[in-house]
Amino acid sequence: MNAARITGIVLIVLGLAGFFTGGFSFTKDTTAAKLGPIQLTVKEKESVNIPQWLSLGAIVLGAVVLVVGFKKS
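Under this note's numbering, think of the first position of the sequence shown as 311, with each following residue one higher.
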């Protein structure tokens, strides 16, 4: 497998994952206050939405790269 085929497959897989999940979320720790040895931390849950047009674009681009990779072989 050459680099174009691998790139095409990765783009398709990432596009499908973004399309079906719609995004991802993560938790980050933030230090709210620090008074001497006492430290107050807050856990914040943040989410990142992946637009559907971006996921579909990645799928289409991956398919194009995959087809071009097969034509060069």
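All residues carry an ideal CB built from backbone N, CA and C; glycine is no exception. Treat the numbers as computed from the prediction; the structure is a model and nothing was measured.
Run through DSSP, which three-state label would I360 get?
Counting from 1 along the sequence shown, the entry for residue 360 is found at position 50. Looking at I360 - three-state DSSP - the assignment turns out to be coil, as it is neither helix nor strand.
What is the DSSP secondary structure of G332, counted as helix, strand or coil?
As a working note, residue 332 is residue 22 in the sequence shown. DSSP places G332 in coil when its eight states are reduced to three.
Would you say the stretch 355-374 touches the stretch 324-337, given that touching needs at least three Cβ pairs under 8 Å?
Touching, per the Cβ criterion.
By Cβ distance below 7 Å, which residues in the same chain neighbour A339 in space, the five residues on each side in sequence not counted?
As a first step, residue 339 must be located in the sequence shown, where it is residue number 29. Checking the sequence, you will find Asp at residue 339 rather than Ala. Within the same chain, D339 has close Cβ partners T351 and K353.
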